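Chains C and Y are the protein sequences, given in the same order.
Using this note's numbering, the first residue of the first sequence is number 1, and each one after it goes up by one.
Using this note's numbering, the first residue of the second sequence is number 237, and each one after it goes up by one.
Before any comments, here is the structure.
Number of protein chains: 2
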Amino acid sequence: MTQLAEAARRVPLNRDRVLEAAVTLADEVGIESLSMRRLAQELGVVPMALYKHVANKEELLDGMVDTLVSEIDPPVPDAPWKSAVRLRVLSARRALLRHPWARPVIETRTTTTPAVLGYMDGFVGMFLGGGLSVDLTHHVMHALGSRMWGFTQEVFDDSAGRDAGGQQSMPVEVRTAMAMQMAESYPNLFRIALAAAHDDESVVGSGCDDQFEFEFVLDLLLDGFERLHEQDWTSR
Amino acid sequence: MTQLAEAARRVPLNRDRVLEAAVTLADEVGIESLSMRRLAQELGVVPMALYKHVANKEELLDGMVDTLVSEIDPPVPDAPWKSAVRLRVLSARRALLRHPWARPVIETRTTTTPAVLGYMDGFVGMFLGGGLSVDLTHHVMHALGSRMWGFTQEVFDDSAGRDAGGQQSMPVEVRTAMAMQMAESYPNLFRIALAAAHDDESVVGSGCDDQFEFEFVLDLLLDGFERLHEQDWTSR
DNA sequence: ATTGACAGGTATACAGCGTACACCTAGCCT
DNA sequence: AGGCTAGGTGTACGCTGTATACCTGTCAAT
Numbered sequence: 001m002t003q004l005a006e007a008a009r010r011v012p013l014n015r016d017r018v019l020e021a022a023v024t025l026a027d028e029v030g031i032e033s034l035s036m037r038r039l040a041q042e043l044g045v046v047p048m049a050l051y052k053h054v055a056n057k058e059e060l061l062d063g064m065v066d067t068l069v070s071e072i073d074p075p076v077p078d079a080p081w082k083s084a085v086r087l088r089v090l091s092a093r094r095a096l097l098r099h100p101w102a103r104p105v106i107e108t109r110t111t112t113t114p115a116v117l118g119y120m121d122g123f124v125g126m127f128l129g130g131g132l133s134v135d136l137t138h139h140v141m142h143a144l145g146s147r148m149w150g151f152t153q154e155v156f157d158d159s160a161g162r163d164a165g166g167q168q169s170m171p172v173e174v175r176t177a178m179a180m181q182m183a184e185s186y187p188n189l190f191r192i193a194l195a196a197a198h199d200d201e202s203v204v205g206s207g208c209d210d211q212f213e214f215e216f217v218l219d220l221l222l223d224g225f226e227r228l229h230e231q232d233w234t235s236r
Numbered sequence: 237m238t239q240l241a242e243a244a245r246r247v248p249l250n251r252d253r254v255l256e257a258a259v260t261l262a263d264e265v266g267i268e269s270l271s272m273r274r275l276a277q278e279l280g281v282v283p284m285a286l287y288k289h290v291a292n293k294e295e296l297l298d299g300m301v302d303t304l305v306s307e308i309d310p311p312v313p314d315a316p317w318k319s320a321v322r323l324r325v326l327s328a329r330r331a332l333l334r335h336p337w338a339r340p341v342i343e344t345r346t347t348t349t350p351a352v353l354g355y356m357d358g359f360v361g362m363f364l365g366g367g368l369s370v371d372l373t374h375h376v377m378h379a380l381g382s383r384m385w386g387f388t389q390e391v392f393d394d395s396a397g398r399d400a401g402g403q404q405s406m407p408v409e410v411r412t413a414m415a416m417q418m419a420e421s422y423p424n425l426f427r428i429a430l431a432a433a434h435d436d437e438s439v440v441g442s443g444c445d446d447q448f449e450f451e452f453v454l455d456l457l458l459d460g461f462e463r464l465h466e467q468d469w470t471s472r
């Protein structure tokens, strides 16, 4: 035990190792299971030891976001603004899909770290560099919102029809009964769910290509931005 | 005490009263302070008593969202789809601003109650009723996302320049030092923050009209939807 | 060589959370 | 009269973040 203690002390657990461990732990067990105690245990250390390296859990989460930001590709220089933005957003999205915990964490952050400010500054720079006015860029950044991070607030779930409840072990007669119930309670949702299920080749899947939906909206917005830019839009 | 117990029993605390109390409590003290214990206390009852009326806290939150949904105006019939959608979204936004707790709660909901399904169904109905194809409507609903609820994921905060940190009691030399710091670290953000501060008549305000930003994006999207509809867009 | 500061790990403790489980009691139906 | 039940109570468990005090090894300055 003395040896272990010494071995632990030989690599004295700095801030980066704490953040790194937090990221991989959250990747593995999910953000809801990332507690200070659990993280400490993972590092072979007592919970309070973490507080020598991060002020509190909020700061830990801030740090985790910072490491995520560092994984996002920088803006490609000398590219048209639209594709530069597009590429970077999609890079952010890839990073975000690697770290599912990041979405809820980003959503709840209140403080803005320098790394995050730098990330945003990059976007603003792309728009301004593309010739968009300061005014338009301002509103465009608001419009981009969380899509800047590669995610959308997915609040519309069209999987309701095929599998309301989530369990797959359900007698077929119950399923059809529920489908009929839905068809009459939510006729419009039903039509869409039906169409999505129809298009879907793999019967198992959600019937909805998240990546397609994301790029659909992203391009819709980018095209809108471009149009406003071309007609010298201004907020009066 | 017997009298109190009897008085309490005379109005035996049903599900609706629990939900109503939860909503007003959350309105007053914020969602982060809404605990089962606190809510029970507010109702003059022991915490576990609540569990006779809601299965658990999740279901309580679901119920709170349902009451919020009931405050949103139904779709106005016989209106062009664009303005019908627009009106309803803005009605949702008003409800949401009355209940600040709703945004984080909606964001974290996993189950979808019938009331919420009905709400969504109404939107789908407006698009389909306006002649949009099932396919386009599907993607349009995804694009709408959380904006359906009247909020955007506000992840871009342009108040960074004027008041990084939030405290107003700060020596002016420190403030200018920070501004200079920002100007060189985040030159692009700085330009935008500066412009926003300039436009702002009230020096105190955030320098950013949230309502304007919201409607800006909403209309950008609606116009995009319309354009796609006019050119019979389809996802192949 | 001794001392003292300090960085970093530890131990204990507290207040708060959601909620499982057992219990009680008043009112109603047979 | 007797039991069922709806609804409120009391206690307890395991979990959370973190304040506070303590200890110990390392290193710099005397």
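We put the CB at the ideal spot given by N, CA and C, even for glycine.
It should be emphasised that the depicted structure is a prediction, and the values quoted were computed from it without experimental measurement.
A contact is defined here as three or more CB-CB pairs under 8 Å, and the segment 142-160 of chain C meets this definition with respect to the segment 377-392 of chain Y.
Only those residues of the segment 292-322 of chain Y whose C-beta falls short of 7 Å from the nearest C-beta of chain C would be listed, and there are none. Taking Val124(C) as reference, the option from His99(C), Pro114(C), Arg109(C), Pro75(C) with the minimal CA-CA separation is Pro75(C). Excluding sequence positions up to five before and after Thr303(Y), its CB lies within less than 8 Å of the CB of Leu255, Glu256, Val259, all in the same chain and listed in chain order. With respect to the 8 Å criterion, Val54(C) and Arg15(C) are classified as neighbours on the basis of their beta carbons.
Bounds of the alpha helix (DSSP H) holding Phe461(Y) are 446-466. Taking the Cα of Ala338(Y) as reference, the smallest distance to any Cα among Ala419(Y), Asp446(Y), Leu261(Y), Leu456(Y) is reached at Leu261(Y). Inclusion of Tyr119(C) and Val172(C) in the CB contact set at 8 Å is not warranted, their separation being larger than that value.
Under a 10 Å Cβ-count criterion, His434(Y) is classified as exposed, with fewer than 16 other Cβ atoms of the shown protein chains found around its own Cβ.
Pro350(Y) and His374(Y) have their C-alpha atoms some 19 Å from each other. For Glu264(Y), the uninterrupted alpha helix (DSSP H) run begins and ends at 251-265, by DSSP. Straight across, the Cα-Cα distance linking Glu264(Y) with Leu270(Y) is about 10 Å.
Straight through space, the alpha carbons of Gly280(Y) and Glu462(Y) are spaced by roughly 53 Å. Neighbours of Gly361(Y) in chain C, taken as residues at a C-beta separation under 7 Å, are given in chain order as Asn188. Collapsing the DSSP output to three states places Ser35(C) in coil. Remark: C-beta atoms of Leu430(Y) and Leu117(C) do not approach each other more closely than 8 Å. Short of 8 Å from the beta carbon of Leu333(Y), and not among the five residues preceding or following it, lie these beta carbons of its own chain, in chain order: Gly386. For Ala79(C), there is no enclosing alpha helix (DSSP H), as DSSP marks it with neither H nor E.
A direct Cα-to-Cα measurement between Tyr186(C) and Lys82(C) gives close to 39 Å.
For Thr108(C), the uninterrupted alpha helix (DSSP H) segment begins and ends at 102-108. When the alpha-carbon of Asp309(Y) is set against those of Ala432(Y), Pro248(Y), Glu295(Y), Val325(Y), the nearest one is in Val325(Y).
At the C-beta level, Arg86(C) and Leu222(C) come within 8 Å of one another. By the neighbour-count definition (other C-beta atoms within 10 Å, threshold 16), Val247(Y) is an exposed residue. For Arg191(C), the closest Cβ of chain Y is nearer than 8 Å.
Pairing Met362(Y) with Ala328(Y) gives a Cβ-Cβ distance that is not under 8 Å. Taking the Cα positions, Pro283(Y) is about 58 Å away from Gln467(Y). Annotation: the segment 287-324 of chain Y contains the following complete segments of the alpha helix (DSSP H) (minimum length 4 residues), in chain order: 293-307. The Cβ of Gly44(C) sits no closer than 8 Å to any Cβ of chain Y.
Contact residues of the segment 378-392 of chain Y toward chain C are His378, Ala379, Leu380, Gly381, Ser382, Arg383, Met384, Trp385, Phe387, Thr388, Gln389, Glu390, Val391, Phe392 (C-beta to C-beta distance below 9 Å). Residue contact check for Gly354(Y) against chain C: a CB pair falls below 8 Å.
For a Cβ distance threshold of 9 Å, residue set Gly224, Arg227 of chain C lies close to Asp459(Y), ordered along the chain. Trp233(C) carries a coil assignment under DSSP once its states are collapsed to helix, strand and coil. Thr348(Y) has a beta carbon lying within less than 8 Å of a beta carbon in chain C. Nearest CB-CB separation between Ile342(Y) and chain C: below the 8 Å threshold. Taking each of Ala315(Y), Pro316(Y), Arg273(Y), Pro340(Y) in turn and checking the Cα distance to Thr108(C), the smallest one comes out for Pro340(Y).
Around the beta carbon of Phe452(Y), 16 or more other beta carbons lie within 10 angstroms, which makes this residue buried.
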